[in-house]
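**Student:**
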Amino acid sequence: MVVDREQAIGRIDRRLFGSFVEHLGRCVYGGIYAPGSPLSDEHGFRQDVATLIRDLGVTVVRYPGGNFVSGYRWVDGVGPRDARPSRLNLAWHQTDPNSFGLHEFVDWSRKLGVEPMLAVNLGTSGIAEALDLLEYSNHPGGTTLSDRRLANGAARPFGVRMWCLGNEPDGPWQLGHKTALEYGRLAAETARGMRQFDEKLELVVAGSTAPWLPSSVDWDRIVLEETVEFADYVAVHIYVEEVDRDIQTFLASGVELDREIERAIAAADAAAKKRGVDRKLAVSVDEWGVWRDRDPNPPTFEGWPLERRIGESVYTAGDAVVTGALIVSLLNHADRVTCACQSLLVNAGAPIRAEADGVWRQSIYHPFQLAARHASGTALRATIAAPEIDTSKYGRVAEIDVAATLDEEQGQLVLFLVNRNASEAAVTSVRLGSWPDARLAEALVIGGGDPWETSTREHPEGVVPRKLDEAVLDGDSLEVALPPASWSVVRLATASKGGPP
Ligand code: AHR
């Protein structure tokens, strides 16, 4: 492997370390919000959950859905709480009392120091509701809608910059499911209206949700030809899972994310060319994650509870390695992927689990935390020659994948390395010609043992990063032995603007 300062991919946007909060399962109620709990503050925000979120390093949070947003009336979630209507959440077969709404979300975001990102309902609602929500949220005051926000206790505008134009409208499961042309037109007109309010908003148009949907053949082309002049991002959603204990294929899931990102970029660039506009849309991977133990025949949801246990799987070491591998893919597309939201943040398919009396970290918490903490500055393209392995879904793929990041302010070069070989260690030699004075600061590894090991509430240390002893730096040559099915972080101190390493 060769890592070279001259091979820059792009600046790493801090929004790459985003997450997602939806009114789904126990993510909001029973997750981040539990009024009356001794573990919550006076606003009902769970403090133990908040501590783990801060520690995770999340930068931006997308809200309120997901599928939920396609039936959501934002006005239900503002104003005096005891006057808010209780509604059916059709997406997840739950009842939503609307006690956590827009103000609560923005207050919670501010307390946690994360940027709020909103999705508008383009399923059962449309342009008018989206424009009302925007004016209510971001206009300083002096109009009926903005004064209503002030009357509801928020003198300061919410200042939301990033807005998703609907959610997965190509999915037949979506309320207000649409054809590509129906959605493309609606998204374009909504975006045009939102820009009349504020030209600088950052707007995300929904790309094809999944390659297995029949509409995926020409969804991106049709939608992007309608919207490329008005949108800033095209959204990619991806969930990967281990099927039939085929861990070898599962470990190579980064290939799937690489393909999805590159497909979206190609479609956006082709649409810009066709429309004759000089625009390069960015990619927002605003739902990404690992499914575990998904029931192939889910039971029909019974009843309409406030809290429902959905996706509360126990994640494994293999899931943590794949989470890390997906982050490697995001970093390797840092020139175009400038926002990404791990899905979801708490309880449902999440790095953080909460019960009424406490919280704990799942295995997938750790790679996210390490990357959010250490991947900064510029992503560099590493040149790599590695043996290939066979996978049942992606064919032959390189055994190793890597992302390299260089933060010249901090004087830090970091390598994020995945050994996708399920059964054999990979001895890797890295040439660091650009940094002859580099010093090995830390080497950590996740995985490398039983890929089905877990972290649980009773045994929280089951899957945690541990020291990687097999990393040796000799001059400009770094030798690392990566255990099978593992994800590693190797940090090197380099000369910074402030001085030598
Ligand atoms: O798991 C979350 C759901 O997955 C979201 O609501 C939807 O956008 C996606 O299909």
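If you're matching positions, the sequence shown starts at 123 in my numbering and goes up one per residue. Positions of the beta carbon are idealized from the N, C-alpha and C atoms, including for glycine. Only a predicted model underlies this, so the values are computations on that prediction, with no experimental measurement involved.
(1) Please report the Cβ distance between Tyr155 and Leu428, rounded to the nearest whole angstrom; I am assuming they are in contact, meaning their Cβ atoms lie under 8 angstroms.
(2) Taking C-alpha atoms, which residue in Leu379, Trp334, Ala309, Thr505 lies nearest to Thr349?
(3) Please confirm whether any heavy atom of ligand 1 lies closer than 7 angstroms to the CB of Phe190.
(4) Against chain B, with Cβ distances strictly below 8 angstroms, would Glu580 count as a contact?
(5) What are the start and end residues of the beta strand (DSSP E) that includes Asp529?
(6) On the three-state DSSP scale, how would you describe Val377?
(7) Candidates Arg458, Glu257, Ser221: which alpha carbon is nearest Arg133's?
(8) Beta-carbon within less than 8 angstroms of Glu347's beta-carbon, same chain only, minus the 5 sequence neighbours each way: which residues are those?
(9) I need the DSSP call for Leu303, collapsed to helix, strand or coil.
(10) Can you name the start and end residues of the beta strand (DSSP E) that Val350 belongs to?
(11) Are the beta-carbon atoms of Leu253 and Gly315 separated by less than 8 angstroms?
(12) Output needed for Arg270: all residues of its chain with C-beta closer than 7 angstroms, excluding positions within five of it in sequence on either side, in chain order.
(13) Would a C-beta distance cut-off of 8 angstroms place Ser465 and Asp380 closer than the cut-off?
(14) How is the beta strand (DSSP E) around Tyr185 delimited, first residue to last?
(15) Just to confirm, are Trp557 and Thr500 a CB contact at a threshold of 8 angstroms?
(16) Tell me whether the beta-carbon of Tyr361 lies closer than 8 angstroms to the beta-carbon of Gly411.
(17) If you reduce the DSSP assignment to three classes, tell me which class Asp218 lands in.
(18) So Leu600 packs on Leu566, CB below 8 angstroms; how close in whole Å?
(19) If you check the beta carbons only, do Ser192 and Leu297 fall under 8 angstroms apart?
(20) Suppose the cutoff is 8 angstroms on Cβ atoms and the five residues either side in sequence are ignored; what does the same chain contact list for Lys402 look like?
(21) Please state whether the Cβ-Cβ distance between Ala374 and Thr513 is less than 8 angstroms.
(22) Pop quiz: Thr181 and Gly248 are said to be a contact at Cβ under 8 angstroms. What is the actual Cβ separation, rounded to whole angstroms?
(23) Let me know if Leu303 comes out buried or exposed under the rule of 16 or more other beta-carbons within 10 Å of its beta-carbon.
(24) So for Ile474, helix, strand or coil by DSSP?
(25) Buried or exposed: which applies to Ser545, given that a residue is buried once 16 or more other Cβ atoms fall within 10 Å of its Cβ?
(26) What residue does the beta strand (DSSP E) around His225 start on, and which one ends it?
(27) DSSP three-state label for Ile134, please.
(28) Do you know offhand how far Gly517's Cα is from Glu290's?
(29) Taking buried to mean at least 16 other C-beta atoms within 10 Å of its own C-beta, is Asp400 buried or exposed?
(30) Is the region 226-237 touching the region 164-181 in the sense that three or more CB pairs, one from each, lie closer than 8 angstroms?
(31) When the distance is taken between beta carbons, is Arg184 closer than 8 angstroms to Asp408?
(32) Looking only at its chain, what residues have a beta carbon closer than 7 angstroms to the beta carbon of Leu256, apart from the 5 residues adjacent to it on each side?
(33) Let me check understanding here. Comparing Cα to Cα, which of Ala504, Trp285, Ala526 lies closest to Asp354?
(34) Buried or exposed: where does Ser485 fall if 16 or more other Cβ atoms within 10 Å of its Cβ makes it buried?
(35) Less than 8 angstroms between the C-beta atoms of Val345 and Ala386, yes or no?
**Tutor:** Working from what's here:
(1) Not quite, the Cβ-Cβ distance comes to about 11 angstroms (not below 8 angstroms), so this is no contact.
(2) Ala309
(3) yes
(4) You won't find chain B in this structure, because it holds only one protein chain.
(5) 522-529
(6) Helix at Val377.
(7) Arg458
(8) Gly306, Ala393, Lys396, Arg397
(9) helix
(10) From DSSP, Val350 is part of no beta strand (DSSP E); its letter is neither H nor E.
(11) yes
(12) The answer, listed in chain order, is Tyr258.
(13) no
(14) 182-185
(15) no
(16) yes
(17) strand
(18) 15 angstroms between Cβ atoms; not a contact.
(19) Yes, the pair counts as a contact, with Cβ atoms nearer than the cut-off.
(20) Ala390, Asp391, Ala394, Arg458
(21) Their beta carbons are under 8 angstroms apart, which means Ala374 touches Thr513 by this criterion.
(22) No, Thr181 and Gly248 are not in contact; Cβ-Cβ is about 30 angstroms, not under 8 angstroms.
(23) exposed
(24) Ile474: strand per DSSP, three-state reduction.
(25) exposed
(26) From DSSP, His225 is part of no beta strand (DSSP E) but of the alpha helix (DSSP H) over 224-234.
(27) coil
(28) Approximately 28 angstroms, taken between the alpha carbons.
(29) exposed
(30) yes
(31) yes
(32) Met316, Phe319
(33) Trp285
(34) buried
(35) In this structure, Ala386 does not lie closer than 8 angstroms to Val345 by Cβ.
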